[in-house]
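Protein chains in written order, with the numbering used here: chain A, 1 to 113; chain B, 1001 to 1113. Here the structure comes first, spelled out in structure tokens, and everything after it is commentary.
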Amino acid sequence: DTAVSQTPKYLVTQMGNDKSIKCEQNLGHDTMYWYKQDSKKFLKIMFSYNNKELIINETVPNRFSPKSPDKAHLNLHINSLELGDSAVYFCATSDGNSNQPQHFGDGTRLSIL
Amino acid sequence: GENVEQHPSTLSVQEGDSAVIKCTYSDSASNYFPWYKQELGKRPQLIIDIRSNVGEKKDQRIAVTLNKTAKHFSLHITETQPEDSAVYFCAASRNTGFQKLVFGTGTRLLVSP
């Protein structure tokens, strides 16, 4: 049973389209994150939610909109996709009330044609 | 904001040798320093972490040292094996709860048999 699962694993789409990536965790953690890993392997945080509340919002274009319907889910919707959005997007979770590390999902590889 | 520098970008060693990866951070308030291993096409996985109240931590062949005064920390892998080949990331964060992890640029470690 995967602790942090992302869907889809691969997403190939045309420039200008709108797409969503979903993340679900069964660890009971209250904090979830989205990271972007570009072609040079740089890992950078985009957003973080704690108990469905946005707590970290880095300098990300407003075409990216995270949504947390409940503590176990954090989705990422991207409007008007651009070539530069091609990357691997990782979801991660942690327990905000204890000193425990973040656990990453398997990633979603987004390719923009 | 926090900036984490990581060196070297690539490291090639022979099986059985030791490998050392070094990171420096800029935010003196950072107090949590995890190391992640990422194999090709896989998710980052935590291998060891250290908090600012200790100077060294060891787990079998892996050790991490922290020098708060100099603001640098290092990963040491002894008796390297081909399975250790991967990209290693250091990271730094102010909090251990809502962790805004800032990652280094990664080190590609290649262990040759």
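Glycine included, each C-beta is placed from N, C-alpha and C at the ideal position.
- Item | Residue closest to R63 of chain A, alpha-carbon to alpha-carbon, out of A:V12, A:D85, A:I45 | A:D85
- Message: Give me the DSSP bridge partner(s) of S20 of chain A.
- Response: A:H77
- Message: Residues of chain A with CB closer than 8 Å to the CB of R1043 of chain B, please, in chain order.
- Response: At a beta-carbon threshold of 8 Å, the residues of chain A lying near R1043 of chain B are F90, F104, G105, D106, G107, ordered along the chain.
- Kindly indicate which three-state DSSP category E1083 of chain B falls into: helix, strand or coil? Helix, per DSSP.
- What residues from the segment 10-43 of chain A come within 9 Å of chain B, judged by C-beta to C-beta, listed N to C? T31, Y33, Y35, Q37, K40, K41, F42, L43
- Task: Put D30 of chain A into one of helix, strand or coil per three-state DSSP.
- Result: coil
- Query: chain B partners of P101 of chain A, CB-CB under 7 Å?
  - Reply: P1034, L1046, D1049
- Excluding the 5 residues preceding and the 5 following T1103 of chain B in the sequence, name in chain order all residues of the same chain whose CB lies nearer than 6 Å to its CB. Reading off the sequence, residue 1103 of chain B comes out as Phe, not Thr. Within the same chain, F1103 of chain B has close Cβ partners F1089, A1091.
- Query: Which residue from B:Y1036, B:Q1060, B:S1074, B:I1048 puts its Cα closest to that of L43 of chain A?
  - Reply: B:Y1036
- Item | Cβ neighbour criterion (16 or more within 10 Å) applied to R1051 of chain B | exposed
- Start and end of the beta strand (DSSP E) containing P1022 of chain B? The sequence shown places Lys at residue 1022 of chain B, rather than the Pro named in the question. Per DSSP, K1022 of chain B belongs to the beta strand (DSSP E) from 1019-1025.
- Using a Cβ cut-off of 9 Å (strictly closer), state whether Q1099 of chain B contacts chain D. Although the question refers to chain D, the structure presented lacks it and instead comprises the protein chains A and B.
- Query: Where does M15 of chain A land, buried or exposed, given buried means 16+ other C-beta within 10 angstroms?
  - Reply: With fewer than 16 other Cβ atoms from the protein chains shown falling within 10 Å of its own Cβ, M15 of chain A counts as exposed.
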